[in-house]
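Protein chains: 2
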Amino acid sequence: MDKHVDVAIIGAGSAGLYALSQVRQATDRYVLIDGGELGTTCARVGCMPSKAAIQVGEDFHRRGLFERMGIEGGEALSLNGPEALEHVRDLRDVFVDKVLSNSTDNMDEEFLAEQARFLSPTELQVGEDRIQAKAVVIATGSRPVVPKAWEAFGDRILTTDDLFELEELPASMAVIGLGTIGLEMGQALARMGVEVTGIDQLDHIAGLQDPEVRQVAVDILGKEFPLWLGQTADIREEDGRLRVTAGEQSVLVDRVLAAMGRRPNVEGLGLETLGVPLDERGLPAFDTHSMQVGELPVFIAGDVTGERAILHEAGTEGRIAGYNAVQERPLAFKRQTPLAINFCDPNIAVVGSAWNDLDPERIAIGEVKLGPLGRALIMGKNKGMIRVYADKDDGRLLGASLVAPKGENLAHLLAWSIQRGLTVFDLLRMPFYHPSIEEGLQAALYDLRGKIARQPEGPVELERL
Amino acid sequence: MDKHVDVAIIGAGSAGLYALSQVRQATDRYVLIDGGELGTTCARVGCMPSKAAIQVGEDFHRRGLFERMGIEGGEALSLNGPEALEHVRDLRDVFVDKVLSNSTDNMDEEFLAEQARFLSPTELQVGEDRIQAKAVVIATGSRPVVPKAWEAFGDRILTTDDLFELEELPASMAVIGLGTIGLEMGQALARMGVEVTGIDQLDHIAGLQDPEVRQVAVDILGKEFPLWLGQTADIREEDGRLRVTAGEQSVLVDRVLAAMGRRPNVEGLGLETLGVPLDERGLPAFDTHSMQVGELPVFIAGDVTGERAILHEAGTEGRIAGYNAVQERPLAFKRQTPLAINFCDPNIAVVGSAWNDLDPERIAIGEVKLGPLGRALIMGKNKGMIRVYADKDDGRLLGASLVAPKGENLAHLLAWSIQRGLTVFDLLRMPFYHPSIEEGLQAALYDLRGKIARQPEGPVELERL
């Protein structure tokens, strides 16, 4: 059967659903196509279940502070692994149900539960059907990378696709790859009582390029579970368990969490029929401001792009792609200030320009270690560091890296300020409540302020009426 | 002995010390005068020990969520009152020591541990000495109000001056006055196991004027301890305990925390010699932008003003007063966007224009209840409400009231945005990370957005490049 539509969206994940929300405002001639598991990566195996596990780990971990606060009996607390995992799944199911009930559950023939394959930029094979579409949005997402050789170890190699399905916590686990999910889950599982070893072939964690913040983060997290950095991991079978070796170090574990990144889902999509060059991952070039692929009526959004694999960016890209899919001519939109948060404890966040992209000759850096900060001391979380980067001439904020309690919230303040083009002086005139973690940011800004060439007159905190 | 100085600062609390920091940049001819207890209200009996107590209450209270998370043994946890109180004092002492070591500990003859009394706008009697000062800063702070009649009940009536000195937690307590400190301490003590009854003669709590947010806050907090609102409390002796009655309701308690506000410290200051009118509290009029009293070389800052009794405002006022005390002509400065946070759980915050000052005809209100919000559900804190007010014509943000987990952090985002004059549309273009409490604010902003007359073209989240 041939079907003619204005827009075909391939992928019913977050990016595809955001695209759909825009498309629907312009036309009811659309199809949403997804032959895989529904409910979004975010809700099923990503943001949501990981945060639920982190919360359990955090609450259980706080017992270490109970004695100093006069709370007795903390040493008798124990974690029931199966129940904790069930709690995580219960919450996950709530989130997945919510996604489904807001999307495909209420769709009729506009939803096709099939794989899609391009025949040309405006024609798709979807199961038995041919879809002719004036525009197509590619939002097929990504999946975890697992080295071919590790497949031999069967279900002892986990990815986030399986992790939250576990019925019991393993006694020991190696987490290989300490980017966002590896670090978050490594710490959460360690706090739940799993003997975790964290391994990464790079010498940093959570994508922290700033060497000072990276060192503080490694020192803090490394106290909770060993971090083996800068060595590739090798796995072999030993007495029915897995021997994981990285450089000189080696550990025997029950399970391995492979968290070495994700690969765009492009196999079988027929992108070669688009008539544009594909890179080594099989991806076509696209414009990050219009999400358009070349000059084609084809748009791409979300994790499949291999960039900014973060929900709110998938939302922005989906909106841009969906909006442009129904315009006569695609428009270019500003992208948001980069904001990446790792919900480990303390949070790690990177905001604005990446450290490696900054010109050391042109920036000033303000920094603070959180040690003596009042509120952090009260929270029992007085480890951390905040570094803020600004143009050293005029004090305009460019970026920040931090490892800090409530770092997720500081990161929003910083991202919003950078997006508005504010300077360190603008920020020092803002209210900082006492006692708050925001005062830690304030201390970093005071440090930064002294390093800027052009200073305002009078007290820096005061602005003339 | 007569002493001539450029500036005399009366009061070595937060406002006085901030004033001093400005004065020192211009002259070393100054005196700081304080005949009372040193260490600041904030560190000794205010912000800091209250937050320490709240943290203990919060950590102990979380045990109620342990079972659903698979953490076993929570029902066997107990709070050792004397140890919890000692922990609070230990932290307090750290903060007080830090204040002292950064201020009066290192001062020599510039610090006078005496009471000061004006003889004229430029002359002070300080113990045996006369100080002639070119300018004077009044920063004498405030003290808790206790009705005269209650003095008969002796040390069973507590204020924040004594609360943190308790060696043991009382079994029962009435907290009379549910503004900032009363509500915070009422909840913290209830969570620590004290049978608390909260009473206020007004029908609101934590200064919440917005009736919707007030109701949600009363519902949430009222589940932890009874709140008797809208009735004046009366106390009488009964069998060695205190019978506290408010309207039809009555309770027998061991102690009463009087938290009915604070009174400016002006007695004996000789303000009548300034030659300007004094109000019924004994305070002269002053300019909130210059902190100048009339046309005199006299400035006033901090809690003694009877306004904005919040540390960061004392800091701003102290800076303005200190800076102006050493200028030829006082300058007028902008004040920060109002920001008031109550650290009860969930936090209550009021930002920007007060509800009662808004013109209902000219504003639009965006609101959200936090119930189904992902992150709040994960945290086990899915009760709350956020209301944001904007100009209904152009969407410029005017203020907000909220009761929400991490409300302290949302309040900073809102205050900074309001101070920069941003609109609801500007904010919807900002990154909101997932899953975060900031997404609750985002939901309120979406609700608000639809109620604004002048809408931008295209998707509200996207800005043309």
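Chains as they are written, first to last, in this note's numbering: chain S, 1 to 465; chain G, 1001 to 1465. Positions of the beta carbon are idealized from the N, C-alpha and C atoms, including for glycine.
request  = Go ahead and label residue 1327(G) buried or exposed: buried means 16 or more other beta carbons lie within 10 angstroms of its beta carbon, across all protein chains shown.
outcome  = Against the second sequence, residue 1327(G) aligns to sequence position 327. It is exposed - the Cβ of residue 1327(G) has fewer than 16 other Cβ atoms within 10 Å.
message = Rounded to whole angstroms, what is the Cα-Cα separation between residue 1252(G) and residue 1172(G)?
response = The residue labelled residue 1252(G) in the question sits at position 252 within the second sequence. The residue labelled residue 1172(G) in the question sits at position 172 within the second sequence. Near 8 Å, if we compare the C-alpha coordinates of residue 1172(G) and residue 1252(G).
query = What residue does the alpha helix (DSSP H) around residue 1051(G) start on, and which one ends it?
reply = As a working note, residue 1051(G) is residue 51 in the second sequence. Where residue 1051(G) is concerned, the enclosing alpha helix (DSSP H) stretches over 1047 to 1061.
ask   = Could you give the uninterrupted runs of the beta strand (DSSP E) lying entirely in the region 225 to 292 of chain S, keeping only those of 3 residues or more?
value = 227 to 229, 233 to 238, 241 to 246, 249 to 253, 255 to 258, 262 to 264
message = Quick check for students: name the residue ranges of the alpha helix (DSSP H) that lie wholly in the region 425 to 452 of chain S, counting only runs of 4 or more.
response = 438 to 449
key: Paired residues, beta bridge with residue 164(S) - DSSP   = Here residue 164(S) refers to the residue found at position 164 when the first sequence is read from its first residue. Its beta-bridge partners do not exist; DSSP assigns none.
Neighbour flag for residue 1140(G) against chain S, beta carbons, 8 Å = By 1-based counting over the second sequence, the position of residue 1140(G) is 140. Not closer than 8 Å to any Cβ of chain S, the Cβ of residue 1140(G) fails to qualify, so no.
ask   = Can you check whether the CB of residue 1452(G) is closer than 8 Å to the CB of residue 1371(G)?
value = The residue you call residue 1371(G) lines up with position 371 of the second sequence. The residue you call residue 1452(G) lines up with position 452 of the second sequence. No, Cβ-Cβ distance for residue 1371(G) and residue 1452(G) is not below 8 Å.
key: Simplified DSSP assignment, three categories, for residue 180(S)   = Here residue 180(S) corresponds to residue number 180 of the first sequence, with the count starting at 1. It is helical.
inquiry  = Contact between the region 221 to 228 of chain S and the region 132 to 142 of chain S is defined here as three or more beta-carbon pairs at a separation below 8 Å; is this criterion met?
reply    = no
Beta carbon of residue 1330(G) nearer than 8 Å to that of residue 1352(G) = As a first step, residue 1330(G) is located in the second sequence; it is residue number 330 there, counting from the start. As a first step, residue 1352(G) is located in the second sequence; it is residue number 352 there, counting from the start. Contact: no.
key: DSSP-derived helix/strand/coil call for residue 1(S)   = Locating residue 1(S) in the first sequence gives position 1, where the first residue counts as 1. The three-state secondary structure of residue 1(S), taken from DSSP, is coil.
Straight-line gap, residue 389(S) to residue 99(S) (C-alpha atoms, nearest Å) = If you number the first sequence from 1, residue 389(S) lands on position 389. If you number the first sequence from 1, residue 99(S) lands on position 99. Looking at the two C-alpha atoms, the distance is approximately 38 Å.
request  = Kindly indicate which three-state DSSP category residue 305(S) falls into: helix, strand or coil?
outcome  = Numbered from its first residue, the first sequence carries residue 305(S) at position 305. Helix.
inquiry  = the ligand GTP and residue 1333(G): does any heavy atom of the ligand fall closer than 7 Å to the residue's C-beta?
reply    = The ligand GTP is absent from the structure shown, which contains no ligands of any kind.
Spatial distance of residue 1424(G) from residue 1367(G) (CA atoms) = On the second sequence, residue 1424(G) is found 424 positions in, with the first residue counted as 1. On the second sequence, residue 1367(G) is found 367 positions in, with the first residue counted as 1. Rounded to the nearest whole angstrom, the CA to CA distance from residue 1424(G) to residue 1367(G) is 13 Å.
key: Alpha carbon of residue 375(S) to alpha carbon of residue 1410(G), nearest angstrom   = The sequence position of residue 375(S) within the first sequence is 375, counting from 1. The sequence position of residue 1410(G) within the second sequence is 410, counting from 1. About 17 Å.
message = Is the separation between the beta-carbon of residue 95(S) and that of residue 270(S) shorter than 8 Å?
response = Here residue 95(S) refers to the residue found at position 95 when the first sequence is read from its first residue. Here residue 270(S) refers to the residue found at position 270 when the first sequence is read from its first residue. Contact flag unset, no.
Residue 203(S) to residue 391(S) span [Cα, whole Å] = On the first sequence, residue 203(S) is found 203 positions in, with the first residue counted as 1. On the first sequence, residue 391(S) is found 391 positions in, with the first residue counted as 1. Distance from the CA of residue 203(S) to the CA of residue 391(S), rounded to the nearest whole angstrom, comes to 28 Å.
query = From residue 255(S) to residue 1069(G), what does the alpha carbon distance come to, in whole angstroms?
reply = As a position in the first sequence, residue 255(S) is number 255, starting the count at 1. As a position in the second sequence, residue 1069(G) is number 69, starting the count at 1. Approximately 23 Å, taken between the alpha carbons.
task = Output the distance between the C-alpha atoms of residue 1343(G) and residue 1051(G), rounded to the nearest integer angstrom.
result = Here residue 1343(G) refers to the residue found at position 343 of the second sequence. Here residue 1051(G) refers to the residue found at position 51 of the second sequence. One C-alpha to the other measures close to 7 Å.
Same chain, Cβ closer than 6 Å to residue 432(S), five either side skipped, listed in chain order = Working through the first sequence from its first residue, we reach residue 432(S) at position 432. So the list reads 438, 439, 442, once near-sequence residues are dropped.
message = Count Cβ pairs between the region 235 to 252 of chain S and the region 110 to 127 of chain S that sit closer than 8 Å; are there 3 or more?
response = no
inquiry  = Is residue 381(S) close to chain G? Criterion is C-beta to C-beta, closer than 8 Å.
reply    = The count along the first sequence starts at 1 and reaches residue 381(S) at position 381. For residue 381(S), the answer is no, since every Cβ of chain G falls outside 8 Å of its Cβ.
key: Unbroken beta strand (DSSP E) run spanning residue 136(S), endpoints   = On the first sequence, residue 136(S) is found 136 positions in, with the first residue counted as 1. Segment 129 to 138, the beta strand (DSSP E) holding residue 136(S).
task = Report the option in 164(S), 200(S), 162(S), 192(S) whose CA atom is closest to the CA atom of residue 180(S).
result = Along the first sequence, one-based indexing puts residue 180(S) at 180. The option with the nearest alpha carbon to residue 180(S) is 200(S).
inquiry  = Measuring alpha carbon to alpha carbon, tell me which residue in 36(S), 369(S), 54(S), 2(S) is nearest residue 187(S).
reply    = Here residue 187(S) refers to the residue found at position 187 when the first sequence is read from its first residue. Considering only alpha carbons, the answer is 54(S).
message = Just checking: is the beta-carbon of residue 1446(G) within a distance shorter than 8 Å of some beta-carbon in chain S?
response = By 1-based counting over the second sequence, the position of residue 1446(G) is 446. No, its Cβ sits nowhere closer than 8 Å to a Cβ of chain S.
task = Starting from the Cα of residue 1407(G), find the closest Cα among 1340(G), 1234(G), 1091(G) and give me that residue.
result = On the second sequence, position 407 is the one that residue 1407(G) refers to. That would be 1340(G), whose Cα lies nearest to the Cα of residue 1407(G).
Inter-residue spacing [alpha-carbon to alpha-carbon] between residue 37(S) and residue 1082(G) = Counting from one through the first sequence, the residue named residue 37(S) turns up at place 37. Counting from one through the second sequence, the residue named residue 1082(G) turns up at place 82. Linking residue 37(S) to residue 1082(G) through their CA atoms gives a straight-line distance of about 55 Å.
key: Exposure label - residue 1217(G); buried when at least 16 CB within 10 Å   = If you number the second sequence from 1, residue 1217(G) lands on position 217. Residue 1217(G) comes out buried.
task = Could you confirm whether any beta carbon from chain S is found closer than 8 Å to the beta carbon of residue 1165(G)?
result = To locate residue 1165(G), count along the second sequence from 1; it is residue 165. So, not an interface residue.
key: Alpha-carbon spacing of residue 1129(G) relative to residue 1365(G), whole angstroms   = For the purposes of this step, residue 1129(G) is taken as the residue at position 129 of the second sequence. For the purposes of this step, residue 1365(G) is taken as the residue at position 365 of the second sequence. The alpha-carbon atoms of residue 1129(G) and residue 1365(G) are separated by roughly 58 Å.
request  = Please compile the residues from chain S whose C-beta is within a distance smaller than 9 Å of the C-beta of residue 1415(G).
outcome  = Counted from its first residue, the second sequence places residue 1415(G) at position 415. Near residue 1415(G) (Cβ distances below 9 Å), the residues of chain S are 430, 431, 433.
task = Report back the beta-carbon spacing between residue 1034(G) and residue 1113(G) to the nearest angstrom; my notes put them in contact at under 8 Å.
result = Locating residue 1034(G) in the second sequence gives position 34, counting from the first residue. Locating residue 1113(G) in the second sequence gives position 113, counting from the first residue. By a beta-carbon distance limit of 8 Å, residue 1034(G) contacts residue 1113(G). Their separation comes to about 7 Å.
ask   = Can the beta-carbon of residue 1286(G) be found less than 8 Å from the beta-carbon of residue 1273(G)?
value = The residue labelled residue 1286(G) in the question sits at position 286 within the second sequence. The residue labelled residue 1273(G) in the question sits at position 273 within the second sequence. It is not a contact, given that the beta carbons lie outside the stated cut-off.
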